[in-house]
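Colleague: Have a look at this one before I ask anything.
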Amino acid sequence: MHKPATTPKRARDTFTQATQTDNRVHLTVRISPELRHRLNIYAAENQRTVTDIVTQAVTDLLDS
């Protein structure tokens, strides 16, 4: 099992093509275990997926 880094030194974004039925691409980013935990809690409390939360946050950031 891959052990996540506790303090990432840099972000590495990887874009790969999604399935033919899904027009989105896959994005991989390195985050701290604490941030992952917080995202999972927020997602559960708000009945949303982490993907939806991150997509909305990035969209809001780029649109501002």
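Counting in this note's numbering, the sequence shown runs from 15 upward without gaps.
Beta carbons are placed, not taken as given, at the ideal position from N, Cα and C, and that holds for glycine.
Which residue marks the beginning of the alpha helix (DSSP H) containing V39, and which one marks its end?
Modeller: From DSSP, V39 is part of no alpha helix (DSSP H) but of the beta strand (DSSP E) over V39 to T42.
Colleague: Below 8 Å between beta carbons: does that hold for A57 and V64?
Modeller: Their beta carbons are under 8 Å apart, which means A57 touches V64 by this criterion.
Colleague: Could you give the C-beta distance for I67 and L76, rounded to a whole number, given that I count them as a contact under 8 Å?
Modeller: I67 to L76, Cβ: 15 Å. No contact.
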